[in-house]
Amino acid sequence: MNIKIGLIESPRELVINSELSHDEAVKLVKDVLGKADDVVELADAKGRKYLVRTNAIAYVEVGSGEQPVVGFGGA
Numbered sequence: 000m001n002i003k004i005g006l007i008e009s010p011r012e013l014v015i016n017s018e019l020s021h022d023e024a025v026k027l028v029k030d031v032l033g034k035a036d037d038v039v040e041l042a043d044a045k046g047r048k049y050l051v052r053t054n055a056i057a058y059v060e061v062g063s064g065e066q067p068v069v070g071f072g073g074a
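For the sequence shown, the positions run 0 to 74 when numbering that gives the first Met the number 0 is used.
Here is the structure:
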């Protein structure tokens, strides 16, 4: 599952490839965005942990974990 987090006053996105399911990721994001003074902790598929202050989050995009097919491999 790819999770993209846009941060306030930052031109870059934080992209995390997580092992959470789509529903788990959406629930986690909804739970923490309701708390302005909180910190969300996310772990990626390689075990790295990311701590992000919720009041610094501009947007969150929860996508699929599927990689797009490039070239003639999907034909």
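Every residue gets a Cβ at the ideal spot worked out from N, C-alpha and C, and that includes glycine.
C-beta atoms of residue i and residue j nearer than 9 Å
| i | j | result |
| --- | --- | --- |
| Asp-43 | Glu-60 | no |
| Ile-2 | Ala-24 | yes |
| Val-69 | Thr-53 | no |
| Met-0 | Gly-46 | no |
Residue from the options with nearest C-alpha to residue i
| i | options | result |
| --- | --- | --- |
| Lys-48 | Ala-55, His-21, Asn-54, Val-39 | Val-39 |
| Ile-56 | Met-0, Ile-7, Lys-3 | Ile-7 |
| Val-28 | Val-51, Phe-71, Val-69 | Val-51 |
Bridge-paired residues (DSSP) for residue i
| i | result |
| --- | --- |
| Leu-13 | Ile-4 |
| Ala-42 | Lys-48 |
Legend entry - Meets three-Cβ-pair contact criterion under 8 Å: the region 5 to 14 and the region 26 to 39: no
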